[in-house]
Amino acid sequence: MDGLSVKISSLKLKNPVMVASGTFGYGEEYAQLIDLNELGAIVTKSITLKPRLGNPQPRLWETQGGLLNSIGLQNVGLATFVDEKLPYLQKYDTRVIVSIAGESVSEYCQLAQALKKETFDALEVNISCPNVQHTKKGLFAQDKDLSYEIIRKAVRLSHKPVIAKLTPNITDIGIIAKACEKAGAEAIAVVNTFNAMAIDLKTKKPVFKNIVAGLCGPAIKPQALYKVYEVKKAVKIPVIGMGGIMNLNDALEFIITGASAIAVGVGNFVDPKIPINIIKGLQHYIKDNKIGQLKQLVGSLDAK
Amino acid sequence: MLQAKCRVVAHHLLCSNYYKLVLQNRSMASKAKPGQFLNIKVEKGFDLLLRRPLSIHQIKDSHLEIIYKVVGRGTEKLAQVKAQEKIDVIGPLGHGYALTEGKAILVGGGTGIASLAFLAATLKNKYNQAPIVLIGARNKEDLLCSEALEKIGCTVKVATDDGSQGFHGLVTELFREMVAIFSTHPNMVYACGPLPMLRELVKLCRHFRIPCEVSLEEHMGCGIGACMGCVVKGTKGEYLRVCKDGPVFNANEVVL
Ligand SMILES: Cc1cc2nc3c(=O)[nH]c(=O)nc-3n(C[C@H](O)[C@H](O)[C@H](O)COP(=O)(O)OP(=O)(O)OC[C@H]3O[C@@H](n4cnc5c(N)ncnc54)[C@H](O)[C@@H]3O)c2cc1C
Ligand SMILES: Cc1cc2nc3c(=O)[nH]c(=O)nc-3n(C[C@H](O)[C@H](O)[C@H](O)COP(=O)(O)O)c2cc1C
Ligand code: FES
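Chains as they are written, first to last, in the numbering used here: chain A, 1 to 304; chain B, 1001 to 1256.
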């Protein structure tokens, strides 16, 4: 088993397979279908200071090999999360990564500060949700100065390893990744969903009230992989890769490209066993290929 | 809730484009309650990503039966599955009908009658009183389950859009006539069907002061309560999950 352990800066994982924020709730439901103790880490649904109602229907739209979502960050809010959801997850022998999202720099600060005394393993700062208002110009993670400021403050206030979760909806993701690294992030999570839309032909209207929604799933995998490649080139801190990972081969592609860990998102909906199957697959893979430590494979891409 | 590869025991066309699918899984069958559903992976690959939610129509020992209509890509794919193949199923899922003793009227539209048939059989077994069942269908070819329901002792009344069988008109009009004119006052109404039918029925139940439970549908992501994709508006202003808080709700809990 130890051959699979990886380090995300100061955070040690027993294996590199995580479940992505927003696709696994707070773990309670999936615990009925899989053994959470087997996972490398669980990233909880992004929480906000106050409970959030979320967006009106429609919230989901299936496309070929993909899913568009416009949940609008419906979540129980900080207080309920700390009182009811976090204690449940602490019972498991897995890393708990708490994802936070704010509508302003000050909200991120309040969240990081309030979570300081709680027991969990790392803080993922979601500056890239496409379904809520960030700034007039766009997402926080589309602005290097705001990204720097939010991550810097989160690092100072939280006393936990901070992971910055970035949007792929940007020309040069490397610039943002560098700003987050400079701000003290211990890892970069790549990627959140891609901006996308769907149309109802009968009404000639956009399917989603916000017009834009976030695309995930196998449809985005090659693009997500390239974002991981770009971020890996830009920074020295570890990268957590995700976007359409459904099986062992997908996971290996991200790891070889440079991801120290990977996350399964919408794959959990398709088959809750996917993360466990990938862990088992990785065990066989390193054994069959006589690789002592999986981490030797990270970034082994031969791009010459 | 379980996940299992279930063997297809039988799979055949019932009428027009309605199919009956029979799956084998003892532990799922023993846990299933009326109003609950199964979330089925209809293809092995990932082109069609999401599972499809389908209500449990009937339990016979270790068999789970489903009745579905082909309406799009997913159900088309499902219709191609052959007997003896295995399909990946998560279930039983959701919160089903609350069983109450007394005179019940069940109102089903389209495939909605599938889950109500399971409820009718359960009510009959538990309280030894078969409910009245009103079935709405487009025409007599699309009529499902009526004979089976009569066989267990239900009084079945049919409404068809084109008058080809039974009452000519909407099933909600049939319901209104029964309650208003024939003063068939039930203790409880259970309903499953298209949204316009449910809206009208809930209005009528409020008017006649009859408690009512409705089974709702939404597009689902995870199907188990984790993603908040399948929500409906609750009367307290909050969003409720069809997959976990429902699919069956008391009519007072939700805004239709
Ligand atoms: C709890 C629950 C129980 C259900 N039980 C049954 C059943 O017993 N028998 C049955 O025939 N159908 C049932 N349905 C509906 C069934 O899930 C959909 O018809 C099916 O998912 C359509 O898939 P498709 O790929 O064939 O169609 P798609 O191509 O996805 O869609 C075809 C049409 O159906 C609509 N649609 C698709 N999925 C849903 C959905 N989940 N809810 C509402 N509308 C949808 C689409 O908007 C579109 O108009 C149930 C749905 C839910 C949520
Ligand atoms: C329904 C849904 C909800 C999501 N909610 C969040 C969220 O709250 N916070 C976040 O950082 N990412 C969220 N994501 C994005 C995923 O964590 C992930 O980055 C993205 O889906 C790409 O991975 P995938 O293709 O494997 O799903 C959500 C994705 C989906 C499908
Ligand atoms: S489908 Fe995910 S919460 Fe209902």
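Ideal Cβ positions, reconstructed from N, Cα and C, are used throughout, including at glycine.
DSSP three-state assignment for A/G174, whether helix, strand or coil: Here residue 174 of chain A refers to the residue found at position 174 when the first sequence is read from its first residue. In this structure, A/G174 counts as helix in the three-state DSSP scheme.
Applying the criterion that 16 or more other CB atoms from any shown protein chain within 10 Å of the CB defines a buried residue, is B/C1243 buried or exposed? Taking the first residue of the second sequence as position 1, residue 1243 of chain B is located at position 243. Counting other Cβ atoms within 10 Å of its Cβ, B/C1243 reaches 16 or more and is therefore classed as buried.
Does the pairing of the segment 1136 to 1146 of chain B with the segment 1101 to 1120 of chain B give three or more beta-carbon distances under 8 Å? A contact exists between the segment 1136 to 1146 of chain B and the segment 1101 to 1120 of chain B.
Does the Cβ-Cβ distance between B/C1006 and B/K1082 come in under 8 Å? Residue numbering aside, residue 1006 of chain B sits at position 6 when the second sequence is read from its first letter. Residue numbering aside, residue 1082 of chain B sits at position 82 when the second sequence is read from its first letter. Taking C-beta atoms as the reference points, B/C1006 and B/K1082 fail to come closer than 8 Å.
List in chain order the residues whose CB is within less than 5 Å of at least one heavy atom of ligand 1. Here the residues close to ligand 1, judged by CB distance below 5 Å to any of its heavy atoms, are B/F1037, B/R1052, B/P1053, B/L1054, B/S1055, B/Y1068, B/K1069, B/V1071, B/G1072, B/R1073, B/G1074, B/T1075, B/T1111, B/A1114, B/E1217, B/H1219 and B/P1247 in chain order.
Compute every distance between the C-beta of A/G22 and the non-hydrogen atoms of ligand 3, then say whether any falls below 7 Å. Counted from its first residue, the first sequence places residue 22 of chain A at position 22. Answer for A/G22: no, Cβ out of range of ligand 3.
Taking Cβ-Cβ distances below 9 Å as the criterion, which residues of the segment 1219 to 1233 of chain B are in contact with chain A? Here the close residues are H1219, M1220, G1221, C1222, G1223, I1224, G1225, A1226, C1227, M1228, G1229, C1230, V1231, V1232 and K1233.
If we ignore side chains and look at the alpha-carbon of each, how far apart do B/E1054 and A/R59 end up? The residue labelled residue 1054 of chain B in the question sits at position 54 within the second sequence. The residue labelled residue 59 of chain A in the question sits at position 59 within the first sequence. According to the sequence shown, residue 1054 of chain B is Leu rather than Glu. Computed Cα separation, rounded: 20 Å.
For A/I150, count neighbouring Cβ atoms within 10 angstroms of its own Cβ and tell me buried if that reaches 16, exposed if not. Within the first sequence, the letter at position 150 stands for residue 150 of chain A. With 16 or more other Cβ atoms within 10 Å, it is buried.
Is any heavy atom of ligand 3 found at a distance shorter than 7 Å from the C-beta of B/V1242? Taking the first residue of the second sequence as position 1, residue 1242 of chain B is located at position 242. Taking non-hydrogen atoms of ligand 3 into account, the C-beta of B/V1242 is found less than 7 Å away from one of them.
Which runs of the beta strand (DSSP E) spanning at least 3 residues fall entirely within the segment 135 to 204 of chain A, listed in chain order? With a minimum length of 3 residues, the continuous beta strand (DSSP E) runs that stay inside the segment 135 to 204 of chain A are 162 to 165, 187 to 190 and 194 to 196.
Distance check for B/Y1190 and B/A1104, CA to CA, integer angstroms please. Counted from its first residue, the second sequence places residue 1104 of chain B at position 104. Counted from its first residue, the second sequence places residue 1190 of chain B at position 190. So the two alpha carbons sit approximately 8 Å from each other.
Below 8 Å on the Cβ atoms is my contact criterion, and I expect A/I176 with A/L166 to pass it. Report the Cβ-Cβ distance as a whole number of Å. By 1-based counting over the first sequence, the position of residue 176 of chain A is 176. By 1-based counting over the first sequence, the position of residue 166 of chain A is 166. Indeed, because the Cβ distance is near 6 Å, the residues count as touching under 8 Å.
Using the beta-carbon count (16 or more within 10 Å), is B/F1182 buried or exposed? Position 182 of the second sequence, counted from the first residue, corresponds to residue 1182 of chain B. Counting of Cβ neighbours within 10 angstroms places B/F1182 among the exposed residues, the total staying below 16.
So is the beta-carbon of A/D129 under 7 Å away from any non-hydrogen atom of ligand 2? As a working note, residue 129 of chain A is residue 129 in the first sequence. Sequence inspection shows Cys at residue 129 of chain A; the Asp mentioned does not correspond to that position. Correct: A/C129 has its Cβ closer than 7 Å to ligand 2.
A/T171 burial status per 10 Å Cβ neighbour count (16 or more: buried): In the first sequence, residue 171 of chain A corresponds to position 171, counting from 1. Around the beta carbon of A/T171, a 10 Å sphere encloses fewer than 16 other beta carbons of the protein chains shown; the residue is thus reported as exposed.
Please list the terminal residues of the continuous beta strand (DSSP E) segment that includes A/F208. Position 208 of the first sequence, counted from the start, is the residue given in the question as residue 208 of chain A. Unbroken run through A/F208: none, as it is neither H nor E.
Given a cut-off of 8 Å on the beta-carbon distance, is the pair B/I1066 and B/L1093 in contact? Sequence index remark: in the second sequence, residue 1066 of chain B carries index 66 (1-based). Sequence index remark: in the second sequence, residue 1093 of chain B carries index 93 (1-based). No, Cβ-Cβ distance for B/I1066 and B/L1093 is not below 8 Å.
Taking buried to mean at least 16 other C-beta atoms within 10 Å of its own C-beta, is B/N1250 buried or exposed? Translated into the one-based positions of the second sequence, residue 1250 of chain B becomes position 250. By the neighbour-count criterion, in which 16 or more other beta carbons inside 10 Å mark a residue as buried, B/N1250 falls on the exposed side.
Cβ contact (3+ pairs, closer than 8 Å) linking the segment 193 to 209 of chain A and the segment 51 to 65 of chain A: These segments touch.
Inter-residue spacing [alpha-carbon to alpha-carbon] between A/V313 and A/G281: Nothing can be reported for residue 313 of chain A: it is not among the residues displayed for chain A, which extend from 1 to 304.
From the beta carbon of B/M1028, is the nearest beta carbon of chain A less than 8 Å away? Counted from its first residue, the second sequence places residue 1028 of chain B at position 28. No, no contact with chain A.
Could you tell me the alpha carbon to alpha carbon distance between B/V1179 and B/H1012, rounded to whole angstroms? As a first step, residue 1179 of chain B is located in the second sequence; it is residue number 179 there, counting from the start. As a first step, residue 1012 of chain B is located in the second sequence; it is residue number 12 there, counting from the start. Rounded to whole angstroms, B/V1179 to B/H1012 spans 37 Å at the Cα level.
Hey, is A/F24's beta-carbon within less than 8 Å of any beta-carbon in chain B? Within the first sequence, residue 24 of chain A is the residue found at index 24, counting from 1. By the rule that beta-carbons nearer than 8 Å mark a contact, A/F24 touches chain B.
Is it a yes or a no for the segment 182 to 191 of chain A touching the segment 202 to 215 of chain A, going by three-plus beta-carbon pairs under 8 Å? Under the 8 Å Cβ criterion, the segment 182 to 191 of chain A does not count as touching the segment 202 to 215 of chain A, having fewer than three qualifying pairs.
Quick one: is B/K1077 near chain A, going by C-beta distance under 8 Å? Numbered from its first residue, the second sequence carries residue 1077 of chain B at position 77. It does not: the Cβ of B/K1077 has no partner Cβ on chain A nearer than 8 Å.
If I measure Cβ to Cβ from A/L157 and keep anything under 8 Å in the same chain, skipping five residues before and after, which residues do I get? Residue mapping note: residue 157 of chain A aligns to position 157 of the first sequence, counting from 1. Taken in chain order, the residues that qualify are C109, A112, Q113 and K116.
Contact set for A/I220: own chain, Cβ-Cβ below 7 Å, skip 5 residues either direction: By one-based count along the first sequence, residue 220 of chain A stands at place 220. So the qualifying residues of the chain are G66, F194, G243 and G244.
So which residues of chain B does A/E84 contact, with C-beta pairs closer than 8 Å? In the first sequence, counting from the first residue as 1, residue 84 of chain A sits at position 84. In chain order: nothing, as chain B lies at least about 14 Å away.
Since B/C1192 is in the beta strand (DSSP E), which residue starts that stretch and which ends it? Within the second sequence, numbered from 1, the residue matching residue 1192 of chain B stands at position 192. For B/C1192, the enclosing beta strand (DSSP E) covers residues M1188 to C1192.
Rounded straight-line distance, which links the Cα of A/E29 to that of A/D288: Numbered from 1 along the first sequence, position 288 holds the residue referred to as residue 288 of chain A. Numbered from 1 along the first sequence, position 29 holds the residue referred to as residue 29 of chain A. Cα-Cα distance, rounded: 34 Å.
Beta-ladder partner(s) of A/M242, from DSSP: Mapped onto the first sequence, residue 242 of chain A falls at position 242. Under DSSP, A/M242 shares a beta bridge with A/A263.
Give the DSSP bridge partners of A/N75, in chain order. Counted from its first residue, the first sequence places residue 75 of chain A at position 75. Note: A/N75 sits in a beta bridge opposite A/R52.
So does B/M1228 have its beta carbon nearer than 7 Å to some heavy atom of ligand 3? The residue you call residue 1228 of chain B lines up with position 228 of the second sequence. B/M1228: yes, Cβ under 7 Å from ligand 3.
Could you give the distance in angstroms between the alpha-carbon of B/I1210 and the alpha-carbon of A/P56? In the second sequence, residue 1210 of chain B corresponds to position 210, counting from 1. In the first sequence, residue 56 of chain A corresponds to position 56, counting from 1. Rounded to the nearest angstrom, the two C-alpha atoms are 30 Å apart.
Straight-line CA distance for A/M18 to B/Y1068? Locating residue 18 of chain A in the first sequence gives position 18, counting from the first residue. Locating residue 1068 of chain B in the second sequence gives position 68, counting from the first residue. Taking the straight line from one Cα to the other gives about 36 Å.
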